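Heads up, the sequence shown is in this note's numbering, so the first residue is 1207 and it goes up one at a time. Where is the CB? At the ideal position from N, CA and C, for every residue including glycine. Remember, predicted model here, so these are calculated numbers, not experimental data. Read the structure below first, then the notes.
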Amino acid sequence: MTQDADPGLFGPDSVTWQLHGDPVMWIAGVRALYLQALHPVAVRGVMANSDFEKDAWGRLLRTADFVGTLSYGTTQAAEAAGARVRRIHRLLGVDDPDLLLWVHCAEIDSYLTVTRRSGIVVSDAQADRYVDEHRESARLVGLDPERVPASRDALAAYFDAVRPQLAAGEDARTVDAFLRRPPVPPALVPARALLWGRVAALAYDTLPDYAHVLYGRPASPPETVTHRLVATANLLRSVPARLRWRLPPRHILKAMDRLGPEARPAPYKLRRQAAILDGPGRAQRTDGGDSTRWRKPG
């Protein structure tokens, strides 16, 4: 690593650094939206105080930019991004800690669930580290880190406690309808059905069972979902990482320029860490190279 370079909030040794560069995060992000919409008060705040339906694509890209800045940007850039989000929350009156906590937990659960289920080897200890790392991102959006779950068990307990408040009301169904068929120019309708439809369906299918019950739509059998998720993730991973990472605003490439090429994020590095820190584990890599192609766990 380049001497004295700023590693940012998490740094190359973190679980976050290795996971957030994987393209399956796009599927995880859509799952988070599905889950977040099941909290009637939280989703009402979004629908009433934003242009979600008119600029949904812009909102998705801004969220991705924010996550990228927190994951790979400098400490100063991450703190500035957090300050902007807190200011917007205050102006819109959507800074209630309970609602912010729901949004945070839905995101972290989605990111961790989808990445692990897609075939990336993350040990239980590393999964707990990941949840704990993101008390820092919770702080940036205005939460007290002491109130934020710091492990998988604490996260599961939080969802058990909040579940009675969840429902699929009119706002949730609006989000559902958008995610299934987002507005696109007529020429892109076939691509939406072929590409986006698969992403949205996978994201929905990876939701917990109670979410499927609330939405009133069944999901495919778990084994089928896992198989499809691994296959789709591997297809996305077949695009060279440096090509994917060139998309604006190039957070990962900037981080590698700042810290050196050894800072390149790659989920297989987690397997190496687990072998040292958590004991021996079963390999999931299949291609033997430096890419991140994985097989179905088991």
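At 4 residues or longer, what runs of the alpha helix (DSSP H) sit wholly inside the region 1359-1393? 1376-1386
Could you pull out every residue in the same chain whose Cβ sits closer than 8 angstroms to the Cβ of Pro-1303, ignoring the five residues on either side in sequence? On the sequence shown, position 97 is the one that residue 1303 refers to. Gly-1348, Leu-1349, Asp-1350, Arg-1353.
On a Cα-Cα basis, can you pick out the residue from Leu-1267, Leu-1215, Ala-1211, Gly-1214 that is closest to Pro-1455? Here the question's residue 1455 lines up with position 249 in the sequence shown. Ranking Leu-1267, Leu-1215, Ala-1211, Gly-1214 by Cα distance to Pro-1455 puts Leu-1267 first.
Let me check understanding here. Comparing Cα to Cα, which of Leu-1459, Asp-1301, Arg-1237, Ser-1220 lies closest to Arg-1386? Start at 1 with the first residue of the sequence shown, and residue 1386 comes out as number 180. Cα-wise, what sits closest to Arg-1386 is Arg-1237.
Taking the continuous alpha helix (DSSP H) assigned at Pro-1424, which residues delimit it? The residue you call residue 1424 lines up with position 218 of the sequence shown. Looking at the DSSP string, Pro-1424 is not in any alpha helix (DSSP H), and its letter there is neither H nor E.
Excluding the 5 residues preceding and the 5 following Gln-1282 in the sequence, name in chain order all residues of the same chain whose CB lies nearer than 8 angstroms to its CB. Taking the sequence shown and counting its residues from 1, one reaches residue 1282 at position 76. So the list reads Asp-1212, once near-sequence residues are dropped.
To the nearest angstrom, report how far apart Met-1231 and Trp-1451 are at their CA atoms. On the sequence shown, position 25 is the one that residue 1231 refers to. On the sequence shown, position 245 is the one that residue 1451 refers to. Going by the C-alpha atoms only, they are around 13 angstroms apart.
Would you say His-1245 and Ser-1277 are within 8 angstroms of each other, going by their C-beta atoms? The residue labelled residue 1245 in the question sits at position 39 within the sequence shown. The residue labelled residue 1277 in the question sits at position 71 within the sequence shown. No, they are not a contact pair.
Unbroken alpha helix (DSSP H) run spanning Val-1236, endpoints: By one-based count along the sequence shown, residue 1236 stands at place 30. Element bounds for Val-1236: 1231-1242.
Just to confirm before moving on: does the CB-CB distance between Ser-1324 and Leu-1435 stay below 8 angstroms? As a position in the sequence shown, residue 1324 is number 118, starting the count at 1. As a position in the sequence shown, residue 1435 is number 229, starting the count at 1. Taking 8 angstroms as the Cβ cut-off, Ser-1324 and Leu-1435 qualify as a contacting pair.
State yes or no: is the C-beta of Leu-1476 within less than 8 angstroms of the C-beta of Val-1327? For the purposes of this step, residue 1476 is identified with residue 270 of the sequence shown, where counting begins at 1. For the purposes of this step, residue 1327 is identified with residue 121 of the sequence shown, where counting begins at 1. Yes.
Selected residue, minimal CA-CA separation from Val-1368, among Ala-1469, Val-1247, Asp-1219: Indexing the sequence shown from 1 puts residue 1368 at position 162. For the residues Ala-1469, Val-1247, Asp-1219, the minimum Cα distance to Val-1368 belongs to Val-1247.
At the level of alpha carbons, what is the spacing between Leu-1215 and Glu-1342? For this step, residue 1215 is matched to residue 9 along the sequence shown. For this step, residue 1342 is matched to residue 136 along the sequence shown. Using only the alpha carbons, I get a separation of about 8 angstroms.
Rounded to a whole number of angstroms, what is the C-alpha to C-alpha distance between Arg-1443 and Phe-1384? Against the sequence shown, residue 1443 aligns to sequence position 237. Against the sequence shown, residue 1384 aligns to sequence position 178. Roughly 26 angstroms between the two C-alpha positions.
If we call anything under 8 angstroms between Cβ atoms a contact, is Ala-1356 one with Leu-1420? Walking along the sequence shown from the start, residue 1356 turns up at place 150. Walking along the sequence shown from the start, residue 1420 turns up at place 214. Taking C-beta atoms as the reference points, Ala-1356 and Leu-1420 fail to come closer than 8 angstroms.
If you drop the 5 nearest sequence neighbours on each side, which residues of the same chain put their C-beta closer than 7 angstroms to that of Ser-1175? In the structure as shown, the chain starts at 1207 and stops at 1504, and residue 1175 therefore has no counterpart that could be examined.
Inter-residue Cα distance where the pair is Leu-1306 and Pro-1218: As a working mapping, residue 1306 is identified with position 100 in the sequence shown. As a working mapping, residue 1218 is identified with position 12 in the sequence shown. Cα-Cα distance, rounded: 27 angstroms.
Could you have a look at Asp-1212 and say whether DSSP puts it in helix, strand or coil? Start at 1 with the first residue of the sequence shown, and residue 1212 comes out as number 6. Asp-1212 falls in the coil class under three-state DSSP.
Leaving out the 5 sequence neighbours to the left and right, which residues in its chain are closer than 7 angstroms to His-1418 when beta-carbon positions are compared? To locate residue 1418, count along the sequence shown from 1; it is residue 212. Cβ neighbours of His-1418 beyond the five flanking positions: Pro-1424, Ala-1425.
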